[in-house]
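Undergrad: In our numbering, the protein residues as written are 7 to 407.
Ideal Cβ positions, reconstructed from N, Cα and C, are used throughout, including at glycine.
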């Protein structure tokens, strides 16, 4: 989908989309808890739908309503109903591999070819260690094994999702378990989020340095209300720092999401040139570069993982910046961006099949005007993004579907 954007300022109030990261975890943990519950404040992004579809393939019954789901997981994992279609959701794939390994049944994953080229090294090592089946190809992935260890080591320097996946899977077992994090921990805030939700579902978990100890005890089914998405909120709130006036309905102080730190990061950028370490907040990188380019510049560190997201994010964003007469410098594990002027682009901005690229460039084009192709990538995390922006004054017109 191609859209035309004219310069605009936003005015009004917005309710931010629910957290995709929390919803993935709650759906999986509630399924493992084996019971019936209601999950409120649900948004059906492409990634969330992928997780729902996969859980249904693992024999969980999920009834979708406008903004809530009714979940019946009493027969979860008792059988596998065909392949698990993960679409383009890396979270769904990494989380559900561990869940599939609770079954000791052969489980096939299908999805977009590019997804299976993203790192799955930890699971390959796990399969080699415990003699699991792990057959990875461009067409998908087939796994088979039984995950029931009392002690396990987890790679934690590439993606926190490995840790969260093993945490959720092993928390379904009614016994004491120790998880050893075998490397430097990245995106610790997402591990903390997983532990927080597991605790809300009745598990006792202690996280001390490189050890996570899961105490014996069963998960307890409960209803749940999903909080708003702090990552997406950052990409909306940035408009306010560039001349808009949007009231965002939120509860940042009580959020369990690490990306609520965007508020602190934005203040640092507004106050002057600064360095920000993104070891725990890599999803904020693009919007921080956008904001810094219009203020005092920034140095972002711990950025090497941007290359293994939905796109090679740093290089993709750099190419789009160039179309606006802008630039920043990419190094092995840091990025330097200076304050600069925006020119109206002659070329169409490429969304790079990445929701974060589209949302970041929408903010910049609100200052310069221009066109973006591949705008539909926002459906990955924020299906109502276009409608929500237009409701508060965005001048965005669909020119090609």
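Output the boundary residues of the beta strand (DSSP E) element that contains residue 340.
TA: For the purposes of this step, residue 340 is taken as the residue at position 334 of the chain shown. Note, residue 340: beta strand (DSSP E), 340-343.
Undergrad: So, for residue 331: in the same chain, excluding its five sequence neighbours on each side, which residues have a beta-carbon less than 6 Å away from its beta-carbon?
TA: Numbered from its first residue, the chain shown carries residue 331 at position 325. Result list for residue 331: 349, in chain order.
Undergrad: Which value, in whole angstroms, describes the spacing of the CA atoms of residue 82 and residue 105?
TA: As a working mapping, residue 82 is identified with position 76 in the chain shown. As a working mapping, residue 105 is identified with position 99 in the chain shown. C-alpha separation (whole angstroms): 11 Å.
Undergrad: When you compare only the Cα positions, how much space is there between residue 266 and residue 222?
TA: Here the question's residue 266 lines up with position 260 in the chain shown. Here the question's residue 222 lines up with position 216 in the chain shown. Each residue's alpha carbon lies about 32 Å from the other.
Undergrad: Within this structure, are the beta carbons of residue 361 and residue 403 separated by less than 9 Å?
TA: Here residue 361 refers to the residue found at position 355 when the chain shown is read from its first residue. Here residue 403 refers to the residue found at position 397 when the chain shown is read from its first residue. Not in contact: residue 361 and residue 403 (Cβ atoms no closer than 9 Å).
Undergrad: Below 8 Å on the Cβ atoms is my guess for residue 18 versus residue 398; work out the distance and round it to an integer in Å.
TA: Translated into the one-based positions of the chain shown, residue 18 becomes position 12. Translated into the one-based positions of the chain shown, residue 398 becomes position 392. About 4 Å; that satisfies the 8 Å criterion.
Undergrad: Pull up the distance between the alpha-carbon of residue 202 and that of residue 208, whole angstroms please.
TA: Numbered from 1 along the chain shown, position 196 holds the residue referred to as residue 202. Numbered from 1 along the chain shown, position 202 holds the residue referred to as residue 208. About 10 Å.
Undergrad: Only counting the same chain, and skipping five residues up and downstream in sequence, which positions put a Cβ closer than 8 Å to that of residue 160?
TA: Position 154 of the chain shown, counted from the start, is the residue given in the question as residue 160. If we look at residue 160 and ignore the five residues flanking it on each side, its Cβ neighbours are 128, 168, 169, 172, 185, 186, 187, 188.
Undergrad: What do you get for residue 241, buried or exposed, if any count of 16 or more other CB atoms within 10 angstroms of its CB means buried?
TA: In the chain shown, residue 241 corresponds to position 235, counting from 1. It is buried - the Cβ of residue 241 has at least 16 other Cβ atoms within 10 Å.
Undergrad: Using 8 Å as the cut-off, can you tell me whether the segment 212-228 makes contact with the segment 142-152, which would need three or more C-beta pairs spanning the two stretches below that distance?
TA: Not touching, per the Cβ criterion.
Undergrad: Return the residue from the list 211, 20, 356, 256 that minimises the CA-CA distance to residue 322.
TA: Locating residue 322 in the chain shown gives position 316, counting from the first residue. Closest option to residue 322, Cα to Cα, is 356.
Undergrad: Would you mind working out which of 264, 179, 163, 162 sits nearest residue 153, comparing C-alpha positions?
TA: To locate residue 153, count along the chain shown from 1; it is residue 147. Ranking the options by Cα distance to residue 153, first place goes to 179.
Undergrad: Excluding the five sequence neighbours on either side, which residues of its own chain have a C-beta within less than 6 Å of the C-beta of residue 58, listed in chain order?
TA: For the purposes of this step, residue 58 is taken as residue 52 along the chain shown, with counting starting at 1. Hits under 6 Å: 68.
Undergrad: For residue 374, verify whether its CB is less than 8 Å away from any heavy atom of the ligand ZN.
TA: No copy of the ligand ZN occurs in the structure displayed, which carries no ligand at all.
Undergrad: Quick one: measure Cβ to Cβ for residue 198 and residue 264, integer angstroms, because I've assumed they're closer than 8 Å.
TA: Taking the chain shown and counting its residues from 1, one reaches residue 198 at position 192. Taking the chain shown and counting its residues from 1, one reaches residue 264 at position 258. Their Cβ separation, rounded to whole angstroms, is 7 Å, which keeps residue 198 and residue 264 in contact under 8 Å.
Undergrad: Here's a check: name, in chain order, each residue in its chain whose Cβ is nearer than 8 Å to the Cβ of residue 211, leaving out the five neighbours to either side.
TA: Residue mapping note: residue 211 aligns to position 205 of the chain shown, counting from 1. Hits under 8 Å: 173, 177, 201, 204, 205, 218, 219, 220, 221.
Undergrad: How long is the line joining the alpha carbons of residue 36 and residue 48, rounded to whole angstroms?
TA: For this step, residue 36 is matched to residue 30 along the chain shown. For this step, residue 48 is matched to residue 42 along the chain shown. Straight-line Cα distance between these residues: approximately 14 Å.
Undergrad: If residue 329 and residue 353 are in contact, beta carbons under 8 Å, what's the gap, nearest whole angstrom?
TA: For this step, residue 329 is matched to residue 323 along the chain shown. For this step, residue 353 is matched to residue 347 along the chain shown. Right, the Cβ-Cβ distance comes to about 5 Å (below 8 Å), so this counts as a contact.
Undergrad: Is the distance from the Cβ of residue 279 to the Cβ of residue 237 below 9 Å?
TA: Stepping through the chain shown from its first residue, residue 279 is reached at position 273. Stepping through the chain shown from its first residue, residue 237 is reached at position 231. Contact: no.
Undergrad: Taking residue 281 as the reference, give the member of 306, 295, 71, 347 with the closest Cα.
TA: Translated into positions along the chain shown, residue 281 becomes position 275. Comparing alpha-carbon positions, the option among 306, 295, 71, 347 lying closest to residue 281 turns out to be 306.
Undergrad: Helix, strand or coil: how does DSSP classify residue 244 here?
TA: Here residue 244 refers to the residue found at position 238 when the chain shown is read from its first residue. Helix.
Undergrad: Residue 168 lies in the alpha helix (DSSP H); which residues open and close that run?
TA: Residue numbering aside, residue 168 sits at position 162 when the chain shown is read from its first letter. 166-176 is the span of the alpha helix (DSSP H), which, as asked, contains residue 168.
Undergrad: So, at 7 Å on beta carbons, what are the nonlocal neighbours of residue 26 in its own chain, with the 5 sequence-adjacent residues on each side left out?
TA: One-based indexing of the chain shown puts residue 26 at position 20. Counting only Cβ-Cβ distances below 7 Å, and skipping sequence neighbours, we find 51, 53, 54, 235, 387.
Undergrad: Considering only the alpha carbon of each residue, which of 108, 113, 98, 95 lies closest to residue 87?
TA: Along the chain shown, one-based indexing puts residue 87 at 81. Distance from the Cα of residue 87 is smallest, within the candidate group 108, 113, 98, 95, for 113.
Undergrad: Given a threshold of 16 other Cβ atoms within 10 Å of its Cβ, counted over all protein chains shown, does residue 406 qualify as buried or as exposed?
TA: Residue 406 sits at position 400 when you count from the first residue of the chain shown. Exposed is the call here.
Undergrad: Expressed to the nearest angstrom, what Euclidean distance is found between the alpha-carbon atoms of residue 289 and residue 155?
TA: Taking the chain shown and counting its residues from 1, one reaches residue 289 at position 283. Taking the chain shown and counting its residues from 1, one reaches residue 155 at position 149. Using only the alpha carbons, I get a separation of about 32 Å.
Undergrad: How about residue 66 and residue 78: do their beta carbons lie closer than 9 Å?
TA: Position 60 of the chain shown, counting from 1, holds the residue named residue 66. Position 72 of the chain shown, counting from 1, holds the residue named residue 78. Cβ atoms of residue 66 and residue 78: closer than 9 Å.
Undergrad: Between the alpha carbons of residue 225 and residue 44, how many angstroms are there, rounded?
TA: Residue 225 sits at position 219 when you count from the first residue of the chain shown. Residue 44 sits at position 38 when you count from the first residue of the chain shown. Take the alpha-carbon of residue 225 and the one of residue 44: they are about 16 Å apart.
Undergrad: Residues bridged to residue 19 by DSSP?
TA: By 1-based counting over the chain shown, the position of residue 19 is 13. In DSSP, residue 19 forms a bridge with 253.
Undergrad: Is the Cβ-Cβ distance between residue 28 and residue 233 less than 9 Å?
TA: Reading the chain shown from its first residue, position 22 is the one you call residue 28. Reading the chain shown from its first residue, position 227 is the one you call residue 233. Annotated as proximal: residue 28 and residue 233, with beta-carbon spacing under 9 Å.
Undergrad: Which value, in whole angstroms, describes the spacing of the CA atoms of residue 312 and residue 119?
TA: Position 306 of the chain shown, counted from the first residue, corresponds to residue 312. Position 113 of the chain shown, counted from the first residue, corresponds to residue 119. Approximately 19 Å, taken between the alpha carbons.
Undergrad: Taking the alpha carbon of residue 258 as the reference point, which residue from 239, 272, 271 has its own alpha carbon closest?
TA: Sequence index remark: in the chain shown, residue 258 carries index 252 (1-based). Closest by alpha carbon: 239.
Undergrad: If you check the beta carbons only, do residue 376 and residue 7 fall under 9 Å apart?
TA: To locate residue 376, count along the chain shown from 1; it is residue 370. To locate residue 7, count along the chain shown from 1; it is residue 1. No. Outside cutoff.
Undergrad: Between which two residues does the alpha helix (DSSP H) carrying residue 396 extend?
TA: Translated into positions along the chain shown, residue 396 becomes position 390. In the DSSP assignment, residue 396 falls within the unbroken alpha helix (DSSP H) covering 391-397.
Undergrad: Please tell me whether residue 394 and residue 20 are closer than 9 Å, where the distance is taken between their beta carbons.
TA: Start at 1 with the first residue of the chain shown, and residue 394 comes out as number 388. Start at 1 with the first residue of the chain shown, and residue 20 comes out as number 14. Yes, the Cβ-Cβ distance between residue 394 and residue 20 is below 9 Å.
Undergrad: Among residues of its own chain, excluding the 5 on either side of residue 133, which ones have a beta-carbon nearer than 8 Å to its beta-carbon?
TA: Against the chain shown, residue 133 aligns to sequence position 127. Cβ neighbours of residue 133 beyond the five flanking positions: 139, 140, 149, 151.
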